[in-house]
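Take a look at the structure below.
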Amino acid sequence: MGGLDRKTASIRATWIFAMGIGALHLSNSEADRASTGRNSAELVDLMLTASAGALG
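Under UniProt numbering, the first residue of the sequence shown carries the number 1, and numbering increases by one thereafter.
Written out as structure tokens, the structure reads:
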């Protein structure tokens, strides 16, 4: 089976999750909040999928 080794996948998942949290926290302006609201479901899905993928 292809893909990343377990350690690399875990590191990447951690960074993706951290960047997603950062993106949510940085959405303070009205325009950013509207954009984040539209895309938050996709962002959370990406964060959780990346984290789950690292686990196995």
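A virtual CB, placed ideally from N, CA and C, is assigned to each residue, including glycine.
MET1 versus LEU48: straight-line alpha-carbon distance, rounded: Low local confidence applies: a pLDDT of 47 at MET1 is under 50, so the model's placement there is unreliable, with the coordinate-based value given in what follows. Near 22 Å, if we compare the C-alpha coordinates of LEU48 and MET1.
- request: Would you kindly work out how many angstroms separate the C-alpha atoms of SER40 and LEU24, rounded to a whole number?
  value: 8 Å
* Asked: So is ALA18 buried or exposed if we call it buried at 16+ other beta carbons inside 10 Å?
  -> Exposed is the call here.
*asked:* Assuming the contact rule is C-beta atoms closer than 8 Å, ILE16 and LEU46 should be a hit. Round their C-beta distance to whole Å, please.
replied: So it is a contact: roughly 7 Å between Cβ atoms.
Backbone secondary structure at LEU4 - three-state DSSP: coil
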